[in-house]
Amino acid sequence: MINSSTLLADLKGQLKLLQADLKQRAEDPSNAWGVRLKEEYAEAFRRERTGWSWVDWRDNEVDQAAVAWIVSTTFLRFCEDNDLVVGAKIDGLPTAVGWIAGPGDRVQRAEENLTAYFRDNPTHNRRHWLQHGFGVLAAQPAGAALVDVKHNPVWKAEISPESATALIAFWRRTKDEGTLVHDFTDSNLETRFLGDLYQDLSEHAKKTYALLQTPVFVEEFILDQTLTPAVAEFGLDGLKLIDPSCGSGHFLLGAFERLNQAWLEAAPGLDAKERVRRAMASINGVDINPFAVAIARFRLTVAGLKATGERSLVGVPPMGFRLAIGDSLLGVRGSLDQTFDFDDDEAGPAFSYDTEDLNEYFGILQPGQYHVVVGNPPYITPKDKALNALYRIAYETAVRQYALSVPFMELLFRLAIRGEQGQGAGYVGQITSNSFMKREFGKKLIEYLFAGHDIGNPVDLTAVIDSSGAWMPGHNFDGTPTVILFGRRRRPVSQSVRAVLGKRDDPGKLDNPATGPVWTELSEHLEGPGFDGDYVTVLDLDRALLTTHPWSLSGGGASDVFSAIEVAAAKRLENMLDVGVGGAIRAGADEVFMRSRLLAREQQITPYMRAFVVGENLRDFAMKGTEAIVFPYESDLSPSTALDCHLWPWRTPLADRRTFQGKMADAGLRWTEYMQFTRWSARASVAITFAEIATHNHFVLDRGGKVFKQTAPAIKLAAGATEEEHLELLGVLNSSTVCFWLKQVAQKKGGDADTPWLRTYAFNSTNVARVPLPSKLLLDRPRTLDTLARQLCVTTPAALVETWSAEKTVSLIDALLMAEAEWRRLRERLFFEQEELDWGVYRLYGLIDADLTYPGSAIDGISLGQRAFEIDLARRVDDGIEEAAWFERHGSTPITELPDSWPEDYKALVQRRLDLIKSDKSIRLLEKPEFKRRWATTAWDTQRTGALQAAILDRLEDPVLWQDPQGPIARSVADLADLLRADTVLKELSRALTGTAEPDLAAVIGGLIADEAVPFLAAYRYKPAGIEKYRVWQEVWGLQRREDAGEKVTIPVPPKYSQGDFAKATYWKARGKLDVPKERFIAYPAVAREGDPTPVLGWAGWSHRDQALALAREIPAQQALGADDAALVPLVAGLVELEPWLAQWHSEIEPQFGASPAAVIAGVVDQYLARMEKTRDQVTASTPPAATRGRRASR
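One rule links them: number in the working numbering = place in the sequence shown (from 1) + 541.
This is the structure we're talking about:
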């Protein structure tokens, strides 16, 4: 029997080899498949089936083809080992069986067969031999679809003979005892391992298609609620089931087993093959992923074979299932006219990829024909811009930044039989992402489709199940939170909907998810409204509640507290605003606009820089550090042209950004502008901003001059509102009460999702605008908290080091010690004031009657672990009811008794709070870690180290260090240390960092600089895949220059980079998807210094001119150290890569040269190329030698 995990791990290595082979063949103009790929891409792009760049699209096709070879040989091996093709015939004639391997003497037999094959086909190689084996499998009636001759890539995407030989050798590997490493022999013919291959073999496919197997227990549960009643209502004869996102076929396999058993019980005398045929005739599926469908077909074929009692595919008729490859959302035609109209003759022939066969299953996606529709559709947002646009047109509910779960929801119901005029309605069941429930794109789905406004597609929801608390591999707190929906395609027949509401999550990851407490309660009590367990509540919910957005599916009394807050409200936040919550920019390419402040200064764009507020930096009433962003507008907020040259390298992708009106130009926007820019927030002198994605509510008062990222929306009260009014609002928004309310309407995200108080939520603008507010708000408490938070910000190590560097009134080490003490004192005051705020807000909402805030002044600070809920939690930890994770995570000490150091009146107050937590169900719910501020922060020592390191690096970026009388110059780390020995500030920073009185400056600098430098040359920066993308970008820049010269050209959007494209992770961190330089320094691996082994660096703040001049100085210097031509090639190549930029930006004559920098460098390049007898293309295509450090001897 096969070991699935070992097989998967080994096959991943084979996949990489095949991908590399096929990528070369895809770019080979003499390779028929490569030529066909380019033709197919051009047509797909023209027909708007894809918006990907050629490189991205090609890589996807290469991945599919490589996987096809892996999967097809896996099928062949399975058949060999289990004798599934013994006695096979081709065209009625017997054929030799055994191609690759198998237990016993089968490897020898395969070699003998191969020898005979080569004798008859002397010009063939082992690739042809594998194809011959595939052909034998495809020649069997039951095996024809498994390696479809017309569509499977193994017939056109031909791997090299060497790769075929290596693939066969891989399958023949043996263990020490001589048995095969991978033996598929299995008397039960289990194919579950193929599901694992489907999900995890290709990382590319997993991300592209959101591959995720449906857990068996979930599939069984959904079929229990759909297929079982459908059989009872409609009978077996003619019953039709479809999964339009079938993946590797879990739902289809489960459905077949049930239907086969049902036929056995209904017609026990039926011939086994006929019984299987009838059961299979009900099975339909579609998937966009070719190898997913191939696996599903194989698994169904083997399942059918087992059910017939046969042991060989030979002589078995086609199984009769219908599984198609194609885009379910675009239908049979594969284009917009699809959508559910298949009779449009004017639309022209349908476009389909060579791997797709949807057209051969015409009618499979015809609406209104299925008795059962089930699925687990992909949860991702569509990344392909062309497909994204097509889906928007085809599906009424596909709006805003929708996830694919939304149009699939619409499709699933459309496929079901419509119940009307005595016709029973089809059953629909699915597990899907619950993101639509609370995120804004779900509003149309809920308030249009589920509310019954789509006349052509009525929906009767029969059950809504919050499954997000159940442990499921790849789902929920191991992935995307889920909901299970059941319904029928008809007008609703009841005023209520069965609902399973979540109370608490499973206690972490379980060995057997099927028996987890959440799943056990929801599956066993679905039919029992009124059940209120430890983990779920089951009830019949008023249908009207499910026709308005957002949905809240929380049980355990949460709905009562939610209602109490709603009833107590005098107004909603939106009633206090002239403009909606938002005000954020959507750059669409943040990394292009982001610049370090020092680099911005050198590029003379400081007037166009603003502080950039991002959600993850908003914590605990404060902005904890801000980024800097290019602000492409003038003071009157009109678009600026001053930044065109700085943003020019990214002009094409910037112009291609998609707004709701189309590309930037379609929306009337300059290519340099933000995709979305709300001018009121840019003018606001005071506003509240908040973290959109966070574990808890974090609202911060801003006092103007900033740009807000979409993860940090802004709230501006009506015109004339004072700062005090903003502070009043700030207090209630930061309370535990509002945290609770928001979590009922906000979408769960990720974080450490198996721990409720670490799970992040999406607090979107719509939900925040709907926050209910009490009639009275507090002012003094939030004003104090705002003041303390601002004071805390100026006592951080980063702020202290900056201040000290300018003033130096005491030693840095002493200053840091004093700042630490103050920082800790301020934090304890914040803890205290927030606790008072929470208890004060409970009374504002009428959740408690008495005033349980502290009126005295004997105490104004407490430690973490000393809040009432923490004391209660510590007692339950002591009793073994809860775990100590909260205290361990936050570094706090659990206490079960009130501290003796507290004043008596405060102790008495906290005791009253504890009593109320115990006696009042609502307060007990609110006083839980999920809703109480965590005060999580980076440890002081970590902050201290980071601040010192950053300050040292800032000093190393002093432009004076990177010039000498001759101009820009590269420096070794040792050179820098020598230059800076007299720098007293640097020495003090180094002492504080290292803890030594006389730090080794070279060691300090060398240790910091390594991760802050990126090489000057593409061949050093990227892996081969990255170099390929870089060449595409170079072509785009060339086309942009031609466009600037007045030529009309078509410019493709260049591909984005991924981490795997860069030679080091630090390079990826510095550059990102669009290769925007954010590093501090330039690395010169090809440059050495005599007797100096330390790295040689340049400054990343240099212009292209200065980069070129510094590099040109190094060539004769390296020659003087004995460098040969091979060692000089990378340096010359670096100049060649800079030449186009010099011609573009530095083509004017400079007096010191008597020529332009562009001309000077062109002359240097020409000189060295002539000496080397190489061309520009040759030197840039060369693989550079390994770095040489201080090893060259002078001649």
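C-beta atoms are modelled at their ideal positions from N, C-alpha and C, and glycine is treated no differently. Please read these numbers as outputs of a predicted model, since none were measured by experiment.
Cα separation between residue i and residue j?
| i | j | result |
| --- | --- | --- |
| Ala1551 | Leu1358 | 29 Å |
| Leu777 | Ala1110 | 55 Å |
| Val1227 | Ser545 | 59 Å |
| Thr1721 | Leu846 | 58 Å |
| Leu558 | Val1617 | 31 Å |
| Arg1030 | Pro999 | 6 Å |
| Gly1613 | Val1677 | 24 Å |
| Ala813 | Asn900 | 31 Å |
| Leu742 | Leu563 | 17 Å |
| Ile1656 | Gln1507 | 15 Å |
| Ser974 | Trp670 | 45 Å |
| Gly1246 | Leu945 | 38 Å |
| Pro1254 | Ala1303 | 12 Å |
| Ala606 | Gln560 | 8 Å |
| Asp1196 | Arg1211 | Position check: residue 1196 holds Ala in this sequence, whereas Asp was assumed. One C-alpha to the other measures close to 8 Å. |
| Gly875 | Leu906 | Annotation note: pLDDT 41 at Gly875 (below 50); position unreliable, no value reported. |
| Thr880 | Phe892 | Because the pLDDT of Thr880 is 43, which lies under 50, any placement of that residue in the model is unreliable, and the number read from its coordinates should be weighed accordingly. Their Cα atoms are separated by approximately 14 Å. |
| Val1005 | Arg1365 | 48 Å |
| Glu1584 | Asp661 | 58 Å |
| Gly1129 | Leu1615 | 12 Å |
| Pro1626 | Pro1556 | 7 Å |
| Ser1398 | Asp1446 | 10 Å |
| Asn1305 | Glu1539 | 52 Å |
| Asp1758 | Glu774 | What is shown of the chain runs 542 to 1736, which leaves residue 1758 out entirely. |
| Leu1051 | Leu1502 | 58 Å |
| Thr1394 | Ile1400 | 12 Å |
So, for residue i: in the same chain, excluding its five sequence neighbours on each side, which residues have a beta-carbon less than 7 Å away from its beta-carbon?
| i | result |
| --- | --- |
| Leu811 | Trp804 |
| Gln1285 | Ser1093, Ser1095, Ala1099 and Phe1103 |
| Phe991 | Val1000, Leu1002, Leu1087 and Thr1088 |
| Ala807 | Leu777 |
| Glu1269 | Leu1318, Leu1319, Leu1320 and Pro1323 |
| Asp995 | Glu937 and Tyr989 |
Quick one: what's got a C-beta closer than 6 Å to residue i's C-beta in the same chain, skipping five residues either side?
| i | result |
| --- | --- |
| Asp1383 | A small fix is needed here, since residue 1383 is Tyr in this sequence, not Asp. Cβ within range, chain order: Ile1389. |
| Thr1607 | Asp1552 |
| Ser1316 | Ala1111 |
By Cβ distance below 8 Å, which residues in the same chain neighbour residue i in space, the five residues on each side in sequence not counted?
| i | result |
| --- | --- |
| Ser1404 | Glu1369, Phe1372, Ser1433 and Thr1434 |
Can you tell me the Cβ-Cβ gap for residue i and residue j, rounded? I've got them flagged as a contact below 8 Å.
| i | j | result |
| --- | --- | --- |
| Ala1492 | His1431 | With a Cβ gap of about 29 Å, Ala1492 and His1431 do not count as contacting. |
| Pro1180 | Tyr1149 | About 12 Å separates the two Cβ atoms, so there is no contact after all. |
| Thr1296 | Ala1426 | 6 Å |
| Gly1028 | Val1079 | Gly1028 to Val1079, Cβ: 18 Å. No contact. |
| Ala585 | Tyr894 | 7 Å |
| Val1241 | Phe1162 | 6 Å |
| Ala1560 | Pro1725 | 5 Å |
| Ala683 | Pro858 | 7 Å |
Just to confirm, does residue i get its C-beta within under 6 Å of one of the non-hydrogen atoms of the ligand SAM?
| i | result |
| --- | --- |
| Leu854 | Ligands displayed in this structure: none; no statement on the ligand SAM is therefore possible. |
Beta-carbon of residue i versus every beta-carbon of chain B: anything under 7 Å?
| i | result |
| --- | --- |
| Pro908 | In the structure shown, chain B does not exist; there is a single protein chain. |
Ordered list of beta strand (DSSP E) runs contained in the region 775-810, each at least 3 residues
Whole beta strand (DSSP E) segments, 3+ residues: 782-784.
Given 8 Å, three or more beta-carbon pairs between the region 1594-1601 and the region 1558-1577
Yes, the region 1594-1601 is in contact with the region 1558-1577.
So, does the region 1112-1129 touch the region 1482-1496, judging by three or more C-beta pairs under 8 Å?
As far as the Cβ criterion goes, the region 1112-1129 does not touch the region 1482-1496, which means the pair count is below three.
Spell out a yes or no on whether the region 1411-1428 and the region 1373-1381 are touching, meaning 3 or more CB-CB pairs, one atom from each, closer than 8 Å.
The region 1411-1428 is not in contact with the region 1373-1381.
Jot down the residue ranges of each uninterrupted beta strand (DSSP E) in the region 1287-1370, minimum 3 residues, whole runs only, in chain order.
When DSSP assignments are scanned along the region 1287-1370, the uninterrupted stretches of beta strand (DSSP E) that are 3 or more residues long and fall wholly within it turn out to be 1288-1292 and 1300-1303.
Would you be able to state if there are at least three C-beta pairs under 8 Å between the region 608-626 and the region 658-678?
Three or more Cβ pairs drawn from the region 658-678 and the region 608-626 lie within less than 8 Å of each other, which places the two stretches in contact.
On the three-pair Cβ rule with 8 Å, is the region 1502-1517 touching the region 1623-1634?
Put simply, the region 1502-1517 touches the region 1623-1634. At least three CB pairs are less than 8 Å apart.
Unbroken stretches of the alpha helix (DSSP H), 4 residues or longer, contained in the region 927-952
Runs found: none.
Can you check the region 1380-1464 for any beta strand (DSSP E) of at least 3 residues that lies completely inside it and give the ranges in chain order?
For the region 1380-1464, not a single whole beta strand (DSSP E) run of length 3 or above is found.
Taking 8 Å as the threshold, find out whether the region 1053-1069 comes into contact with the region 779-798 through three or more Cβ pairs.
No: fewer than three Cβ pairs fall under 8 Å.
Is there contact between the region 1257-1271 and the region 1110-1121, where contact requires at least three CB pairs shorter than 8 Å?
Touching, per the Cβ criterion.
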